[in-house]
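Novice: Following this message is one structure expressed as C-alpha cells.
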Amino acid sequence: ALADTVDKLKRAGVGVEEATAKEAADRCVHRLYRFADPVGNQHEVYWGVISDFSRLVSPVGVSSFVTGAQGLGHVVLPAPNFDAMIELFRDTLGFGLSDLMNIRFSDDPNEPAKRLWFMHCNSRHHSLGFFEMDHPAGCVHCMFEVENIDEVGRAEDRRIAHGVKLSATLGRHANDHMVSFYMQSPGGFDIEYGAEGRAIDNWDDYSVFESTVPSFWGHDFSVGQS
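Numbering (our numbering) for the sequence shown: 5 to 230.
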C-alpha cells in the first residue's frame, strides 16, 4: 500500500522524498516518505508502526482519546488554490467527500462564497478539511476527540484556569455531530476539543450533503473576534 501511494503521487507529478532510517526511527515507523501539497503543507506517509503498546498516562487525567483506526482526529487546512488541493487528495490519494459548505463572511450576497469541503479516509466522518482561504498560521484548526462529554467539560475548566483564549463556544456540529469547543493555540490556529463524533460504518449508504449552518446549536465563533 505504501509503494502504491508513493507511485500514485509520483505519477501525479508530486515530488516525494524518502526519509532516512534515523528520521523513520524518530517517527517510530519502518519506512517514511514526505511530500508537499499545492499550498506547501508537508505531509508524511509511512508503513510499519513501532510501538511498545504502553497505555496513555495523561498528566491531567484524560482517560483516553478516540484514535486507533480513526486516526488522530481531523485537520482543516487553508486551500487558496482549492481545486489543486482537491485534485491531489480526492483524485490522487482517494479521500472521499463527506460534506461541504459555501461560506460568506458578511451578509452581502455579492460576496463570493468560499468553499469548505470535509473529506474522509476511514470511518471518522472527516479526517481532513479544506477551506478556500489563506490563513497566517498555515492551519485553520485541528480536532482531538475524547471518550465523553465530561472530558470536554474538564478541558474547558482547564482552559479557563490557564487563561487560554476561547475561539468558539460549546456546540454540536451539524455534519459530524461532535460536541466541542474551540480554543486558540500559541501557533495561531484553533484546537477543537470534542466528544460524541459521528462514525460512518458503510460509506456506500451515506449521502453527501451541503450544510448551510455549521452547528445544530452553539459554536459562537464571534467570541474569538473579541
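C-beta: ideal position from N, C-alpha, C; glycine also.
(1) Excluding the 5 residues flanking THR96 on each side, which residues of the same chain have their C-beta closer than 7 Å to its C-beta?
(2) Identify which residue in VAL79, GLU151, VAL168 has its Cα closest to the Cα of SER67.
(3) Could you work out which residue in GLU91, LEU104, VAL80 is closest to ALA141 when comparing CA atoms only?
(4) If you reduce the DSSP assignment to three classes, tell me which class PHE193 lands in.
(5) Helix, strand or coil, according to DSSP, for PHE86 in the structure here?
(6) Skipping 5 residues on each side, what residues in its chain have a beta carbon closer than 7 Å to that of ARG35?
(7) Write down the C-beta distance between MET123 and LEU101 rounded to the nearest angstrom, noting that I regard them as a contact closer than 8 Å.
(8) Using DSSP bridges, identify the partner residues of LEU92.
(9) Give me the residue from ASP56, GLU196, VAL20, ASN45 with the minimum Cα distance to VAL33.
(10) Hey, would you say ALA203 sits closer than 9 Å to SER127, going by beta carbons?
(11) Using DSSP with H/G/I as helix, E/B as strand and the rest coil, what is HIS166?
(12) Pull up the distance between the alpha-carbon of MET147 and that of ASP194, whole angstroms please.
(13) Kindly provide the ranges of any beta strand (DSSP E) runs that are 3 or more residues long and lie completely inside the region 174-219, ordered along the chain.
(14) Using CA atoms only, rank isn't needed, just tell me which of MET105, HIS166, GLU91, CYS125 is closest to LYS118.
(15) Tell me the DSSP bridge mates of PHE134?
(16) Starting from GLU48, trace the beta strand (DSSP E) in both directions and tell me its first and last residue.
(17) So what does DSSP say about ARG59, is it helix, strand or coil?
(18) Just to confirm, is the Cβ distance from SER219 to HIS177 under 9 Å?
(19) Looking only at C-alpha atoms, which of VAL217, GLY192, ASP208, GLY201 sits nearest to GLY228?
(20) So, is LEU120 buried or exposed, given that buried needs 16 or more other C-beta atoms within 10 angstroms?
(21) Between SER211, ASN206, PHE213, VAL183, which has its C-alpha nearest ASP224's C-alpha?
(22) Please list the terminal residues of the continuous beta strand (DSSP E) segment that includes ASP103.
(23) Take the Cβ of PRO113 as the centre, count every other Cβ of all protein chains shown within 10 Å, and call the residue buried at 16 or more, exposed below.
Specialist: In short:
(1) Along the sequence shown, read from residue 1 onward, the residue named residue 96 stands at position 92. These residues qualify, in order along the chain: LYS12, LEU13, ALA16.
(2) In the sequence shown, counting from the first residue as 1, residue 67 sits at position 63. Selected option, being the one with the closest Cα: GLU151.
(3) As a first step, residue 141 is located in the sequence shown; it is residue number 137 there, counting from the start. Closest by alpha carbon: VAL80.
(4) Within the sequence shown, numbered from 1, the residue matching residue 193 stands at position 189. Correct three-state label for PHE193: coil.
(5) Residue 86 sits at position 82 when you count from the first residue of the sequence shown. In the structure shown, PHE86 sits in a helix (DSSP, three-state: H, G or I).
(6) Taking the first residue of the sequence shown as position 1, residue 35 is located at position 31. Within the same chain, ARG35 has close Cβ partners LEU6, ALA28, TYR50, TRP51, GLY52.
(7) Within the sequence shown, numbered from 1, the residue matching residue 123 stands at position 119. Within the sequence shown, numbered from 1, the residue matching residue 101 stands at position 97. So it is a contact: roughly 6 Å between Cβ atoms.
(8) In the sequence shown, residue 92 corresponds to position 88, counting from 1. Note: LEU92 sits in no beta bridge, so no partner.
(9) The residue labelled residue 33 in the question sits at position 29 within the sequence shown. It is ASP56 whose Cα lies nearest to the Cα of VAL33.
(10) In the sequence shown, the residue the question calls residue 203 occupies position 199. In the sequence shown, the residue the question calls residue 127 occupies position 123. It is a contact, given that the beta carbons lie within the stated cut-off.
(11) Counted from its first residue, the sequence shown places residue 166 at position 162. Helix at HIS166.
(12) Mapped onto the sequence shown, residue 147 falls at position 143. Mapped onto the sequence shown, residue 194 falls at position 190. Rounded to whole angstroms, MET147 to ASP194 spans 9 Å at the Cα level.
(13) 183-188, 194-199
(14) Mapped onto the sequence shown, residue 118 falls at position 114. Ranking MET105, HIS166, GLU91, CYS125 by Cα distance to LYS118 puts MET105 first.
(15) One-based indexing of the sequence shown puts residue 134 at position 130. DSSP lists LEU81, TRP121 as partners of PHE134.
(16) By 1-based counting over the sequence shown, the position of residue 48 is 44. Where GLU48 is concerned, the enclosing beta strand (DSSP E) stretches over 46-53.
(17) The residue you call residue 59 lines up with position 55 of the sequence shown. ARG59 falls in the coil class under three-state DSSP.
(18) The residue you call residue 219 lines up with position 215 of the sequence shown. The residue you call residue 177 lines up with position 173 of the sequence shown. Cβ distance < 9 Å, so SER219 and HIS177 count as in contact.
(19) As a working mapping, residue 228 is identified with position 224 in the sequence shown. Of the candidates VAL217, GLY192, ASP208, GLY201, the one whose C-alpha sits nearest the C-alpha of GLY228 is GLY192.
(20) Translated into positions along the sequence shown, residue 120 becomes position 116. Buried: at least 16 other Cβ atoms inside 10 Å.
(21) Here residue 224 refers to the residue found at position 220 when the sequence shown is read from its first residue. Comparing Cα-Cα distances from ASP224 to each of SER211, ASN206, PHE213, VAL183, the minimum goes to VAL183.
(22) Taking the first residue of the sequence shown as 1, we reach residue 103 at position 99. ASP103 -> beta strand (DSSP E) spans 100-107.
(23) Here residue 113 is taken as the residue at index 109 of the sequence shown, counted from 1. Exposed.
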